[in-house]
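If you read the protein sequences in the order shown, they are chains L and A.
Using the working numbering, the letters of the first sequence correspond one by one to residues 33 to 285.
Using the working numbering, the letters of the second sequence correspond one by one to residues 33 to 285.
2 protein chains.
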Amino acid sequence: MAQTNHPVRTVDRTLEILEIIRELDGAGVSEIADRVQVGKSAVHNHLNTLAQREYVVKEGDEYHIGLAFLGLGAYARNRNEIYDTARPAVDKLAEETGELVNLLVEKQGRGIFLYKAEGDQAVQLGTYAGQRVHLHSTGLGKAILAFRPREEVEAILDEHGMPAATDKTITDRETFFEELDEIREQRYAVDREEGLPGLRCIAVPITDGHDRALAAISVSCPSQRVDDERFFEELPNEVLSAANVVELEHNHS
Amino acid sequence: MAQTNHPVRTVDRTLEILEIIRELDGAGVSEIADRVQVGKSAVHNHLNTLAQREYVVKEGDEYHIGLAFLGLGAYARNRNEIYDTARPAVDKLAEETGELVNLLVEKQGRGIFLYKAEGDQAVQLGTYAGQRVHLHSTGLGKAILAFRPREEVEAILDEHGMPAATDKTITDRETFFEELDEIREQRYAVDREEGLPGLRCIAVPITDGHDRALAAISVSCPSQRVDDERFFEELPNEVLSAANVVELEHNHS
DNA sequence: TATAATGGTTCTGCCTGGCCAAACGGCGTT
DNA sequence: AACGCCGTTTGGCCAGGCAGAACCATTATA
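Structure, rendered in structure tokens:
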């Protein structure tokens, strides 16, 4: 997307305010005004306008994100048909493995978590639905990129770069493409603490009828608790078969 | 909430635009401009500003709600601690009954659906997470209001009125309070096609330690398919015990 | 093909309305 | 009782949002 020529600054400000409120987990007028670099009265007016429609709510002396966004958010998620078909499979996989299972889609060259399910031993990460991540530094992202044409992948890397998330993140382009080749061959990706230290995961793409990835699902587990045999021998098959179910269902209906 | 004195019109316009896009399930600039009563260029600027941050996305020649809202929406939902504790119970209830199960909270005198789960025979309604409804015309709302002080209920009815949703909706205030008395006694509410024609439901409040309702869960089923015995004799107990589990867990942690 | 119609994008200048600063009022603290 | 901190209100200035028209791109019609 090229630069906007005439951005509506007021809208930008509103969005910034909302993001700040979420970051701070609730905030007061002055606090927000400081960060946004606009006067208190302006912030106050924004908040009141949003509050009118319950996009924010005032609780005591601080403002919070309102449930009105749930309508838009849930709607946006449901527009990805993959969500509906994948959800049961993700839940099931979480229950069976006992671990953390995630569903990710690619939008504008970045990954967005659509859904997660936690098994009873699942690690508690800070991941949340709607979170955006780089594709190259997660198993999920690699699984998706492996099933995209090379030029598309190049374009994405050009745009977003390959910043290191941990010291194991692949930051060299050639190495990365070799990795993708391997993923394509075995049809699943392994994330060896490339996204978060101490966390490994197995990710499998969900493709359309033409071997193009639409999304990916993964199982994440702490390197310590899960030994290599379970991780490298058993998990891949479980994730693969879950993804397979989703693919079949998705490409039929 | 009193009227805002200095609403930020630009923000209002943005919100209107977003709501229109959702309503129309995707829309073009001209289409939106018509409805919002502003020029095409203004709408265009708004959309571009939103697109910059992926709050909207352009797909072909129409704009759609973007996944950036999922972050805010999911966050807003998770701020209600009841969501986390109730979700498993709602899922389980849906599976056991095979019907549609909903979770509703009260905000500013109206009901907001937080979550739904569908059993394998569940009716397909247009309800979605984030949807706002009147409290007096749904079983869920009645269940909540029954466990609120009378003056609070009066205030809510004053503010929002008692519009009829179907010909069975209770629109008389005295009758309504009698209904609430009965609900309080049996601890569950029955919705006899008061919210939607042909749809009945059993709703049970989730209360805090002081008998004040925080939320409610319900099972909805078509009047035809489910006979009176199952509906009046069996369902209430199933919903009651599910709600009970949630209450216990919620009031402990 | 030509031509028209439709819808998205760009541009310009007017004037609204969003913002700042300052003042006010409510609360809690010293 | 005076101070300090915050949210809210007010007034006035001028940035910036909007309308309108011109400009493209694409599809429909003949």
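Even for Gly, the Cβ is constructed at its ideal location relative to N, Cα and C.
Please read all numbers here as calculations on a predicted model, not as lab measurements.
Could you work out which residue in the options is closest to residue i when comparing CA atoms only?
i	options	result
residue 173 of chain L	L:131, L:154, L:196 and L:235	L:235
residue 7 of chain L	A:225, A:119, A:73 and A:160	This structure does not reach residue 7 of chain L, given that chain L is present from 33 up to 285, and the question cannot be answered.
residue 146 of chain L	L:205, L:153 and L:135	L:135
residue 274 of chain L	L:73, L:89, L:129 and L:95	L:129
residue 248 of chain L	L:79, L:59, L:119 and L:38	L:119
residue 90 of chain A	A:199, A:112 and A:59	A:59
residue 94 of chain L	L:54, L:104, L:46 and L:115	L:54
residue 18 of chain A	A:214, A:43 and A:205	Because chain A here runs from 33 to 285, residue 18 of chain A falls outside it and cannot be looked at.
residue 143 of chain A	A:157, A:153 and A:165	A:165
residue 56 of chain A	L:267, L:85, L:111 and L:214	L:111
residue 224 of chain A	A:152, A:42, A:260 and A:113	A:260
residue 257 of chain L	L:42, L:153 and L:84	L:153
residue 80 of chain A	L:241, L:189 and L:42	L:42
Since residue i contacts residue j with CB under 8 Å, what's their CB separation in whole angstroms?
i	j	result
residue 126 of chain A	residue 149 of chain A	4 Å
residue 231 of chain L	residue 255 of chain L	7 Å
residue 61 of chain A	residue 70 of chain A	Not really, about 11 Å apart at Cβ, beyond 8 Å.
residue 171 of chain L	residue 233 of chain L	4 Å
residue 99 of chain L	residue 138 of chain L	That belief does not hold up - the Cβ atoms of residue 99 of chain L and residue 138 of chain L are roughly 28 Å apart, past 8 Å.
residue 19 of chain L	residue 97 of chain A	No answer is possible for residue 19 of chain L: it lies beyond the span of chain L, which begins at 33 and ends at 285.
residue 220 of chain L	residue 272 of chain L	6 Å
residue 37 of chain A	residue 40 of chain L	In fact, because the Cβ distance is near 22 Å, the residues do not count as touching under 8 Å.
residue 163 of chain A	residue 103 of chain L	6 Å
residue 207 of chain L	residue 229 of chain L	At roughly 20 Å, the Cβ-Cβ gap does not stay under 8 Å, so residue 207 of chain L and residue 229 of chain L are not in contact.
Once the 5 residues before and after residue i are set aside, which same chain residues still bring their CB inside 8 Å of it?
i	result
residue 182 of chain A	209
residue 35 of chain L	Low confidence applies to residue 35 of chain L: its pLDDT is 48, below 50, so where it sits in the model is not reliable, and the reading given next is rough at best. Closer than 8 Å at Cβ, skipping near neighbours: no residue.
residue 101 of chain L	87
residue 179 of chain L	216, 237, 239, 243, 244 and 245
residue 155 of chain L	131, 132, 231, 252, 253 and 254
residue 117 of chain L	278, 281, 282 and 285
residue 191 of chain A	141
residue 196 of chain L	169 and 203
residue 44 of chain L	none
residue 72 of chain L	61, 62 and 65
residue 263 of chain A	232, 234 and 253
residue 121 of chain L	249, 274, 275, 277 and 278
residue 113 of chain L	282
residue 185 of chain A	177, 209 and 212
residue 157 of chain A	132, 228, 231 and 252
Cutting at 7 Å between CB atoms, please list the residues of its own chain near residue i, excluding the five before and the five after it.
i	result
residue 33 of chain L	Summary for residue 33 of chain L: the model assigns pLDDT 43, below 50, so the residue's position carries little reliability; its value from the coordinates is reported in the next sentence. Excluding sequence neighbours, residue 33 of chain L sits near nothing in its chain.
residue 67 of chain L	52
residue 269 of chain A	none
residue 123 of chain A	149
Return the bridge partner residues of residue i from the DSSP annotation.
i	result
residue 135 of chain L	L:147 and L:249
residue 81 of chain L	Paired residue(s): none; residue 81 of chain L is not in a bridge.
residue 231 of chain A	A:254
residue 55 of chain A	According to DSSP, which records beta bridges pairwise, residue 55 of chain A is partnered with nothing at all.
residue 238 of chain A	A:247
residue 223 of chain A	A:233
residue 142 of chain L	L:139
residue 90 of chain A	A:95
residue 165 of chain L	L:143
Which residues of chain A have a Cβ atom closer than 8 Å to the Cβ of residue i, listed in chain order?
i	result
residue 166 of chain L	Correct list: empty, because the minimum Cβ distance to chain A is about 15 Å.
residue 162 of chain L	99, 100, 101, 102, 103, 104, 105, 106 and 107
Is there at least one non-hydrogen atom of the ligand FAD closer than 7 Å to the beta-carbon of residue i?
i	result
residue 40 of chain A	The ligand FAD is not among the ligands present in this structure, which contains no ligands whatsoever.
Against residue i, what residues of chain A qualify as contacts under a CB-to-CB distance less than 9 Å, listed in chain order?
i	result
residue 13 of chain L	No answer is possible for residue 13 of chain L: it lies beyond the span of chain L, which begins at 33 and ends at 285.
residue 213 of chain L	Here the premise fails: no neighbours, minimum Cβ distance about 30 Å.
residue 96 of chain L	108 and 111
CB-CB under 6 Å to residue i, same chain, minus the five flanking residues each way: which ones, in chain order?
i	result
residue 286 of chain A	Absent from the model: residue 286 of chain A. The displayed extent of chain A is 33 to 285, so no value can be given.
residue 82 of chain L	88
residue 46 of chain L	78
residue 115 of chain A	109 and 146
Listing by chain order, which chain L residues have their CB less than 9 Å from the CB of residue i?
i	result
residue 144 of chain A	86, 99, 100, 102 and 103
residue 44 of chain A	81, 84 and 85
residue 77 of chain A	36, 37, 38, 39, 40 and 43
residue 189 of chain A	Per Cβ cutoff of 9 Å: no residues; residue 189 of chain A is ~19 Å from chain L at best.
Using the beta-carbon of each residue, which ones in chain L are nearer than 7 Å to residue i?
i	result
residue 230 of chain A	Near residue 230 of chain A there are no residues of chain L at all, since even the closest Cβ is about 24 Å away, more than 7 Å.
residue 140 of chain A	86
residue 177 of chain A	What residue 177 of chain A touches in chain L: nothing, since even the nearest Cβ is about 19 Å away.
Could you tell me which chain A residues have their CB closer than 7 Å to the CB of residue i, listed as they occur along the chain?
i	result
residue 134 of chain L	The premise fails here: residue 134 of chain L is roughly 13 Å from chain A at the closest Cβ pair, so nothing lies under 7 Å.
Using a Cβ cut-off of 8 Å, pull out every chain L residue sitting near residue i, in sequence order please.
i	result
residue 50 of chain A	104
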